[in-house]
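> Residue numbers for the sequence shown follow full-length UniProt numbering, so the first one is 1 and each next one is one higher.
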Amino acid sequence: MRVLIKSVEIRDAGSKYNKQVKNVLLDNGVIVSIDDNEAEADQVIDGQGMLLSQGWFDLRANFNDPGLEFKEDLESGANAAKAGGFTDVLLLPNTEPVIDSKNEVNYVTSRNRSRLTQLHVAAAVTKGAKGEDFTDIVDLHHQGALAFTDGEKPLYNSDILLKALQYLQKFDGVLMNRPSDKYLSMFGQMHEGHQSTMLGMKGIPSMAEELMVIRDLKLLEYAGGGKLHFSNLSTKESVDLIRKAKKDGLNVTCDIASHQLLFDDSQLVGFDTNYKVDPPFRSTEDIEALKVGLKDGTIDAVVSSHTPHDQECKQLEFDLADFGVIGLQTVYSSLKQAGLDDDLIVEKLVEGPRRVLGLENMTIEEGKKLSLTLFDPEANWTFDASTNKSKANNSPLFGKELKGRAKAVVNNGQVEELY
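1. Straight-line CA distance for phenylalanine 187 to leucine 91?
2. Mark glycine 200 as exposed unless 16 or more other C-beta atoms lie within 10 angstroms of its C-beta, in which case mark it buried.
3. Could you name the residues that DSSP lists as bridge partners for methionine 190?
4. Would you identify the three-state DSSP class for histidine 309, choosing helix, strand or coil?
5. Since histidine 229 is in the beta strand (DSSP E), which residue starts that stretch and which ends it?
6. Run through DSSP, which three-state label would serine 101 get?
7. What is the rounded straight-line gap between the Cα of residue 420 and the Cα of lysine 218?
8. How many angstroms separate the CA atom of aspartate 100 from the CA atom of glutamine 43?
9. Going by DSSP, which residues form a beta bridge with phenylalanine 176?
10. Let me check one thing: in DSSP terms, what residues is valine 121 bridge-paired to?
11. Tell me the start and end of each unbroken beta strand (DSSP E) in the stretch 202-280 that is at least 3 residues and wholly inside, in chain order.
12. Would you mind listing the beta strand (DSSP E) stretches within the stretch 332-402 that are 3+ residues and don't spill past its ends, in chain order?
13. Near glycine 85, which residues of its chain fall below 7 Å by C-beta distance, leaving aside the five closest residues on each side in sequence?
14. Please report the straight-line C-alpha distance between aspartate 240 and aspartate 46, rounded to a whole angstrom.
15. Check whether the stretch 200-209 touches the stretch 247-260, counting contact only when three or more Cβ pairs, one atom from each stretch, lie closer than 8 Å.
16. Serine 53 to glutamate 317, Cα distance in whole Å?
17. DSSP beta-bridge partners for aspartate 46?
18. Measuring straight from C-alpha to C-alpha, what distance separates serine 182 and threonine 87?
19. Based on Cα-Cα distance, which residue from Ala245, Arg243, Lys227, Glu347 lies nearest to phenylalanine 171?
20. Quick one: what does DSSP say isoleucine 31 is sitting in, helix, strand or coil?
21. How about threonine 109 and alanine 78: are their beta carbons less than 8 Å apart?
22. Buried or exposed for glutamate 9, going by 16 or more other Cβ atoms inside 10 Å?
23. Would the stretch 378-388 and the stretch 60-79 be scored as touching if the rule is three or more Cβ pairs under 8 Å?
24. Nearest CA to the CA of asparagine 112: which residue from Leu418, Tyr419, Gln414?
25. For the beta strand (DSSP E) holding threonine 417, just list the boundary residues, first then last.
26. Spatial neighbours of aspartate 248 within its chain, please: C-beta separation below 7 Å, excluding the five flanking residues on both sides.
27. Would you call methionine 198 buried or exposed, if buried means 16 or more other Cβ atoms sit within 10 Å of its Cβ?
28. Quick check: is the beta carbon of glutamate 209 nearer than 8 Å to any beta carbon in chain C?
29. Classify tyrosine 222 as buried or exposed, calling it buried when 16 or more other Cβ atoms lie within 10 Å of its own Cβ.
30. For valine 302 and aspartate 58, I'd like the C-alpha separation in whole angstroms.
31. Would you give the residue range spanned by the alpha helix (DSSP H) that valine 292 belongs to?
32. Do the stretch 26-33 and the stretch 309-327 meet, that is, are 3 or more Cβ pairs less than 8 Å apart?
33. Do the CB positions of threonine 330 and serine 231 come within less than 8 Å of each other?
34. Name, in chain order, the residues that DSSP records as bridge partners for residue 420.
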């Protein structure tokens, strides 16, 4: 099928068409022409005032399938990702059972042939994500796992993390870890600071994250190689530590969740459990440091950290409610609200994630078959029951009017206009 995207501004730093307004003609997902001509097509999408980039890639999401499909399943999660403009999503292994064998990897990826949004797997490093015995890492790699992590369960055992870094060097694999000291953060409900004291809630100190970053960087240096990715960072010092490590030549990357740029710990004064996330919303100083880290290249990617919960897990007393928010449909709007420009957003949703995983970053040129995201920076929309594609609605942005929205996605030979 031939699809024409008319009068769209291309945003691709590596393309000769970058920041030019062109007509883009696709034939079964292949770019046939990029020019000023209006070619005949089976479907025409008006891209006036909109931007076209390579497809967005989310490095961190939970779909709870298999095991907890009442919260989210592969199809509802993929639909939420598609509505958010994502053509690719990397899923964490924290399902029931944990994604720690070839069968579980195949369960997630087997339907990708017919799916527009491609679902990828970050397989567990240890069996059951218990931090004890290693999974068959090489087999999982050959089955298609793009990275290795215990996901929501940080690797506390230093020997396990060290050996994983060494083992993954055999095939240039990526180890992902969310840094958090379980003893310092135990029973914590929010960021430790003035607000937690005023509210009488046990805080999660910034140090719980930063000490683990220091440890992991030391282990990476000792390993003499390997690729380490820190996921879901939240503090100023963590960003400073990564910045120095990169200058020192360590092969380290990191990401942050989009919602960390919007909210600080003062939001929790109302005890709304939709603001209960891990890592917690930190201080305004931390937020500004995250923005600086994005702009200077210290932070490689922005993720959704999509974590759906049903009402039984969220409509509880604050200290009993589960951590996490959904985010796939609100990443772009959140980044716009945080004041990031579109060039930086494209870098953190397109180039950065693929670079982290060692995947090829293609460019928007004639003859290429690649994923694309068409998005409108000025679109006003409301994130509510009528627009939400997830099974869950645990988000502080639910019911809010937002600005900036994906209009269409192209991937796997398919084109879909979203609204």
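We put the CB at the ideal spot given by N, CA and C, even for glycine.
All figures in this text were calculated on a predicted structure; none of them were measured in a lab.
From the atom records:
1. 26 Å
2. exposed
3. Gly203
4. coil
5. 227-230
6. coil
7. Here the chain comprises residues numbered 1 to 419, so residue 420 is not present and cannot be evaluated.
8. 42 Å
9. Sequence inspection shows methionine at residue 176; the phenylalanine mentioned does not correspond to that position. DSSP lists His229 as partners of methionine 176.
10. Leu91
11. 227-230, 252-257
12. 372-382
13. Trp56, Tyr332, Thr373, Phe375, Ala406, Val409
14. 43 Å
15. no
16. 43 Å
17. Lys6
18. The identity of residue 182 in the sequence shown is lysine, whereas the question assumes serine. Rounded to the nearest angstrom, the two C-alpha atoms are 34 Å apart.
19. Lys227
20. strand
21. no
22. buried
23. no
24. Gln414
25. Residue identity check: residue 417 is glutamate in the sequence provided, not threonine. Counting along the chain, the beta strand (DSSP E) containing glutamate 417 begins and ends at 414-417.
26. none
27. exposed
28. Going by chain labels, chain C is absent from the structure shown, which holds only one protein chain.
29. exposed
30. 8 Å
31. 284-295
32. no
33. no
34. No answer is possible for residue 420: it lies beyond the span of the chain, which begins at 1 and ends at 419.
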